[in-house]
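Participant:
Number of protein chains: 2
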Amino acid sequence: MTIYDIAREAKVGIGTVSRVLNNSPKVTDETRDRVVTVAKRLNYQPHAFAQGLARKRSNTLCAVIPFFTNYFFIQVLQGVQETLAAVGYDLIIHGANTQAQLEDYLDHSMRKGRVDGTLLFSLKLPDRFAEVFIEKKNPLVLVDTFHPSFDSIRVDNTEGAKKATEYLLSLGYRTIGMLNANLSSVPAQERLSSFKATMCTHNVEVRDEYIINSSNTKNDGFSREAGYEGMAEFLRRGIKLPSAFFVSSDIQAIGMIAALRENNLQVPNDIAIVSFDDIEIAKYFNLTTMRQPMFDMGELAVKKMLERIENPSAPISSINFTPTLVVRSSCGANKNYVLNDNR
Amino acid sequence: MTIYDIAREAKVGIGTVSRVLNNSPKVTDETRDRVVTVAKRLNYQPHAFAQGLARKRSNTLCAVIPFFTNYFFIQVLQGVQETLAAVGYDLIIHGANTQAQLEDYLDHSMRKGRVDGTLLFSLKLPDRFAEVFIEKKNPLVLVDTFHPSFDSIRVDNTEGAKKATEYLLSLGYRTIGMLNANLSSVPAQERLSSFKATMCTHNVEVRDEYIINSSNTKNDGFSREAGYEGMAEFLRRGIKLPSAFFVSSDIQAIGMIAALRENNLQVPNDIAIVSFDDIEIAKYFNLTTMRQPMFDMGELAVKKMLERIENPSAPISSINFTPTLVVRSSCGANKNYVLNDNR
DNA sequence: GATTTCTATGGAAGGGCTTTCAGGAACTTA
DNA sequence: TAAGTTCCTGAAAGCCCTTCCATAGAAATC
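Set out below in C-alpha cells:
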C-alpha cells in the first residue's frame, strides 16, 4: 500500500498523490477528490520512515530522563506527552540513570535523523556533547538542568528554598535543620546554599549537626529510603531535635516521617516539615511544600522545542519557574487538618 | 556522513561497508579493519530511518497506556523500558485515556513501519482493529486485557480477589464490604464477582449495602478520589460499618483511609482493609494488599513481543500472573507477621 | 491568430540504507 | 593447463516518500 498504488488507481502520477496528501495548493479540486477517495478506500497510511527520510524530519522527540520511578519526572513527562500528542508528535522515552548511561546514549542511540530534538532532564550535559549538538544543529532543550548554549527550563531552587525557610521562620521556628539529598546533585547544592543564606540573613544560627546530606546515591538521594535513613541515623545520634526541618523533596519527607514515627515522634507536633516538589502523593501526607509546576514545565519544554525546530537561530532562552508555597499541615500552621499517619 | 563517505575513504564499495557494519561474515579481516577504522574516525552513526526503510524493521515498540499518572502503569512501563533498553530497542509511549482516543490512535498514528509492535495496556481492543492487526500481521501484545487472537499477559483477578477475601475470612472477619472501582472496567467486574463467589462459598452473607461501586470515572474509578468519595458517601448514609473491606486498588484504599480518618475511624482498629496492586506507596500506608508483579509483567510483555516478532506464526499464548498476598498491618494481623519493609 | 505566461501534472532524482546479483580473484581439481 | 569452486567485492535495485524539473495544455496578452 504505497503512493504508487494510489497513483495507479486514481490514474494520476505519484507526485500528484504526494501533493494531495500534503495539502499542496497546486492541485485541481477534481484531481484532489479522486486521489482522496482512493486513499480513503485503500485505507492508506504513509510510511513514517520513508517520509522521515525524504523530509529529513521525524516528528518525534526524545526525552532522556533519569530515574523512571521518580514522581517528579513522571509528572513532567505527562505534560510533555500530552502537549506532543496534540501536535501529532511521537515521544521516545529513554532512561539514563547515570551520567555514564547518558553518555552511552548520546554516543550510540542519538542517531541522526531518528528524532527532531532531545529533551534532557536533570542530567548534566557533558561538554563534549554540547559541541556535538551545536555542530550538528541538533535541537536540545534542558529541563531542570542548565547549559549556556541551549534553551533551558528550570526551577529557581534558590528562591524556593528561601521561601520555604522564611515560611518556617515566619511561624516562629528558630532551630531549623535541613534534610538534604546527595550533594552531588546541583539542586541539592542550590537548596542547601539558599537555606543557609536565608537563615543567615535572618540572623538565625545554622547548626552543622542539623544539616543532613544524604549519602544514599539512589536517585541522587531524592528517595524515600534516603529520607528514612537520614532521619533514622540522626535520631540514633541522640542530638536534641530541631523544631523544624526543611527537606529537599517530598519523597524524602515521607521517608523521614516513617523514621520519626518509629521513634514515636509526630509531625507537626514534635517537628515541623516543609519540603519541595509537591508530587501527587504529597497531599496524602499533608505536606507543606514548595510546588514545582511539573506538568507546566513539561508543556513548556515541548513548546520551546517546537519553536527551536522552527527557528534554529532564535536567541537562546532560559526560563525560571519559581516554586510556590503550598500550605498543608506539616508545619502545624493549619490545625484544621490532622496529619495523615500511616495507620 | 553516510556509508558512501566511508566507502570512499576506505576505498571499498558501499555494500562492503554495510556488510562490515552488520557483522556479515563474508568480509576479509583486513577489509573489515579498514572499514571499521574509518567508521570510527568519522564517528559514523547509521541513519535509523534509512535502515528502517531498507530492513522493514524499526527496532521500536509502542506502548499504549491509559492514565499516565497511574502508578500501576508507571511500574509496568519501567519493566518495559529497562528490558527494551537492554536489547537496543526504542520505546514510544502513547497515552490514550479513553476508548475513543485509542481508536483515534489506532486509526491515525499506527503508521505502518513506524514500530515493530504494539503493547496495549488495559484497554479493550476494538474488534475492527483486531482484524486489522491480524491482517497486517502487526504484532500486538496485550497487558492486563484480553483478546483470543493475541498474546496476553494478565493478572488473575478472580484468584486474587479470592485470596484477599479468604484472608479476611481467615482473620475472623464476617461482615465484609467491598469498595470497588467503576464497573465499566473489566478488572473491577472480575474482582467483584470473585469476592461475592468467595463469600458465598464460605457461607458468609454478602450485603448489597456494603458493596460500593465507584461512580467516579476518572481512571475508571481506580483513583484516590474515587476511594475517598466512595467511603465518604458510605459514611454519610450512616449504615453500621462492616468490620472489613476488600478494596479494588491501593490508591482507592488510600483515599478511603483519608475519609475514614476525617470521621475519626482508624485502620485497622475500626475497620480492616485489604486492597490490590501493591504499588510503591502501598507500603507507606502499611496496606495489606494483593501484589501484582508489575515490573515483571512489563518485562514479560517485551519478551513475548520479541518472540512474536521473531516467530509470527507461533501459537498464541496467554499468561496469567497470580497476585500474592503481602501482609502489612491494615488488617490488624499479628504484628510479628508484618513485613518490615519501611526502609 | 500568434505568442507569451501560467498552472497542473507526471516522473525522475534523491534521501541512506540492505540485499541481491554478477563478476573477478584465488584456489581446487582433473 | 583448463575447468570448476569458492570467496569476496562493487554496484545496482529496492524500500517509500518529497521535491524538483520539464512539459503539455489552458489562459492571457498583443
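Taken in order, these protein sequences are the chains called E and U. Going by this note's numbering, the letters in the first sequence line up with residues 1 to 343, in that order. Going by this note's numbering, the letters in the second sequence line up with residues 1001 to 1343, in that order. C-beta atoms are modelled at their ideal positions from N, C-alpha and C, and glycine is treated no differently. As the structure is a computational prediction, the values presented were derived from the model and not from experiment.
#1: Is there a Cβ from chain U that is less than 8 Å from the Cβ of D90/E?
#2: Excluding sequence positions up to five away, which residues of its chain have a Cβ less than 8 Å from the Cβ of L84/E?
#3: What is the DSSP secondary structure of R1237/U, reduced to helix, strand or coil?
#4: Thinking just about the alpha-carbon of each residue, which of G1088/U, L1125/U and D1116/U is nearest to the one in L1106/U?
#5: Work out the CA separation of Q189/E and S1330/U for me, nearest whole Å.
#6: Leaving out the 5 sequence neighbours to the left and right, which residues in its chain are closer than 6 Å to S243/E when beta-carbon positions are compared?
#7: Between the segment 278–294 of chain E and the segment 319–330 of chain E, are three or more C-beta pairs nearer than 8 Å?
#8: Considering only C-alpha positions, which residue in the set R1008/U, E1009/U, D1005/U and V1036/U is nearest to R1019/U?
#9: May I ask you to list, following chain order, the residues of the segment 1233–1256 of chain U that have a beta carbon less than 9 Å from some beta carbon of chain E?
#10: Could you tell me which residues DSSP pairs with S275/E in its beta bridges?
#11: Am I right that V1274/U and A1164/U are in contact with their C-beta atoms under 8 Å? What's the rounded C-beta distance?
#12: Going by Cα to Cα distance, which pick from Q1081/U, F1072/U, I1065/U and F1245/U is closest to E82/E?
#13: For a test of the three-state rule: what should DSSP assign to S152/E, helix, strand or coil?
#14: May I ask you to report which of helix, strand or coil DSSP gives N1342/U?
#15: Entirely within the segment 1032–1117 of chain U and at least 3 residues each: give me those beta strand (DSSP E) ranges in chain order.
#16: As a quick exercise: from L1235/U, E1225/U and G1177/U, pick the residue whose alpha carbon is nearest that of D1208/U.
#17: In its own chain, which residues sit with a C-beta less than 8 Å from the C-beta of F1321/U, not counting the 5 before and 5 after it?
#18: How do the segment 1216–1225 of chain U and the segment 1253–1266 of chain U stand: do at least 3 beta-carbon pairs fall below 8 Å, yes or no?
#19: Output the distance between the C-alpha atoms of N1203/U and L1171/U, rounded to the nearest integer angstrom.
#20: When every heavy atom of the ligand ATP is checked, does at least one fall within less than 7 Å of the C-beta of D1005/U?
#21: In this structure, what does DSSP give as the bridge partners for A1244/U?
#22: Pick from P1323/U, V1326/U and K1304/U: whose alpha carbon is nearest that of F1150/U?
#23: Contact between the segment 1042–1055 of chain U and the segment 112–129 of chain E is defined here as three or more beta-carbon pairs at a separation below 8 Å; is this criterion met?
#24: What would DSSP say about N1182/U, mapped onto helix, strand or coil?
#25: Between N180/E and S214/E, which are expected to be in contact by the criterion C-beta below 8 Å, what is the C-beta distance as a whole number of angstroms?
#26: Tell me, which residues are paired with I1251/U by DSSP?
#27: Beta carbon of R191/E, beta carbon of S248/E: below 8 Å?
#28: At least one CB of chain E closer than 8 Å to the CB of R1114/U: is that the case?
#29: Any beta carbon from chain E within less than 8 Å of S1214/U's own beta carbon?
#30: Assign D1127/U to buried or exposed, taking buried as 16 or more other Cβ atoms, counted over all protein chains shown, within 10 Å of its Cβ.
#31: Keeping to the same chain, check which residues put their C-beta closer than 6 Å to that of A1161/U; ignore five residues upstream and five downstream.
#32: Name, please, each residue of chain U whose Cβ falls closer than 7 Å to the Cβ of S275/E.
#33: Is any beta-carbon of chain E found at less than 8 Å from that of L1123/U?
#34: Where does F146/E fall in DSSP's three states?
Facilitator: On the basis of the coordinates in this document:
#1: Here residue 90/E corresponds to residue number 90 of the first sequence, with the count starting at 1. Chain U contact via Cβ: present.
#2: Counting from one through the first sequence, the residue named residue 84/E turns up at place 84. Only L61, D90, L91 and V302 meet the Cβ criterion.
#3: As a first step, residue 1237/U is located in the second sequence; it is residue number 237 there, counting from the start. Of the three classes helix, strand and coil, the one that applies to R1237/U here is coil, per DSSP.
#4: Within the second sequence, numbered from 1, the residue matching residue 1106/U stands at position 106. That would be L1125/U, whose Cα lies nearest to the Cα of L1106/U.
#5: Counting from one through the second sequence, the residue named residue 1330/U turns up at place 330. Counting from one through the first sequence, the residue named residue 189/E turns up at place 189. Whole-angstrom Cα-Cα distance: 39 Å.
#6: As a position in the first sequence, residue 243/E is number 243, starting the count at 1. Counting only Cβ-Cβ distances below 6 Å, and skipping sequence neighbours, we find Y173 and T175.
#7: yes
#8: As a position in the second sequence, residue 1019/U is number 19, starting the count at 1. Among R1008/U, E1009/U, D1005/U and V1036/U, the Cα nearest to that of R1019/U belongs to V1036/U.
#9: I1254 and G1255
#10: Along the first sequence, one-based indexing puts residue 275/E at 275. Per DSSP, T289/E.
#11: Position 274 of the second sequence, counted from the start, is the residue given in the question as residue 1274/U. Position 164 of the second sequence, counted from the start, is the residue given in the question as residue 1164/U. Contact between V1274/U and A1164/U holds: their C-beta atoms lie close to 5 Å from each other, under 8 Å.
#12: Numbered from 1 along the first sequence, position 82 holds the residue referred to as residue 82/E. The candidate whose alpha carbon is nearest that of E82/E is I1065/U.
#13: Working through the first sequence from its first residue, we reach residue 152/E at position 152. Strand at S152/E.
#14: Walking along the second sequence from the start, residue 1342/U turns up at place 342. Residue placement at N1342/U is poorly supported in this model, since its pLDDT is 33, which falls under 50; the coordinates still yield a value, given next. DSSP places N1342/U in coil when its eight states are reduced to three.
#15: 1060–1065 and 1090–1095
#16: As a working mapping, residue 1208/U is identified with position 208 in the second sequence. If you compare the alpha carbons of L1235/U, E1225/U and G1177/U with that of D1208/U, the shortest gap goes to G1177/U.
#17: Translated into the one-based positions of the second sequence, residue 1321/U becomes position 321. Within the same chain, F1321/U has close Cβ partners I1153, R1154, V1155, D1156, Q1292, P1293, D1296 and M1297.
#18: yes
#19: Along the second sequence, read from residue 1 onward, the residue named residue 1203/U stands at position 203. Along the second sequence, read from residue 1 onward, the residue named residue 1171/U stands at position 171. Each residue's Cα considered, the two are about 15 Å apart.
#20: As presented, the structure is devoid of all ligands, the ligand ATP included, so that no description of it is given.
#21: Start at 1 with the first residue of the second sequence, and residue 1244/U comes out as number 244. The partner list for A1244/U (beta bridge, DSSP) reads I1176/U and A1272/U.
#22: Position 150 of the second sequence, counted from the first residue, corresponds to residue 1150/U. Among P1323/U, V1326/U and K1304/U, the Cα nearest to that of F1150/U belongs to K1304/U.
#23: yes
#24: Taking the second sequence and counting its residues from 1, the one referred to as residue 1182/U is at position 182. Coil, per DSSP.
#25: The residue given as residue 180/E occupies position 180 in the first sequence. The residue given as residue 214/E occupies position 214 in the first sequence. That pair is a contact at about 6 Å.
#26: Along the second sequence, read from residue 1 onward, the residue named residue 1251/U stands at position 251. The partner list for I1251/U (beta bridge, DSSP) is empty, contrary to what the question assumes.
#27: Numbered from 1 along the first sequence, position 191 holds the residue referred to as residue 191/E. Numbered from 1 along the first sequence, position 248 holds the residue referred to as residue 248/E. Cβ distance < 8 Å, so R191/E and S248/E count as in contact.
#28: Locating residue 1114/U in the second sequence gives position 114, where the first residue counts as 1. It does; some Cβ of chain E falls within 8 Å.
#29: Taking the second sequence and counting its residues from 1, the one referred to as residue 1214/U is at position 214. Chain E, which has no Cβ nearer than 8 Å to the Cβ of S1214/U, makes this no.
#30: Here residue 1127/U refers to the residue found at position 127 when the second sequence is read from its first residue. By the neighbour-count rule (16 or more Cβ atoms within 10 Å), D1127/U is not buried but exposed.
#31: Here residue 1161/U is taken as the residue at index 161 of the second sequence, counted from 1. Sequence-distant partners of A1161/U (beyond 5 residues in either direction) whose C-beta falls short of 6 Å from its own C-beta, in its chain, are R1191, S1194 and F1195.
#32: On the first sequence, position 275 is the one that residue 275/E refers to. Residues of chain U with a Cβ closer than 7 Å to the Cβ of S275/E do not exist; the shortest Cβ-Cβ separation is about 14 Å.
#33: Here residue 1123/U refers to the residue found at position 123 of the second sequence. The C-beta of L1123/U comes no closer than 8 Å to any C-beta of chain E.
#34: Here residue 146/E refers to the residue found at position 146 of the first sequence. F146/E falls in the coil class under three-state DSSP.
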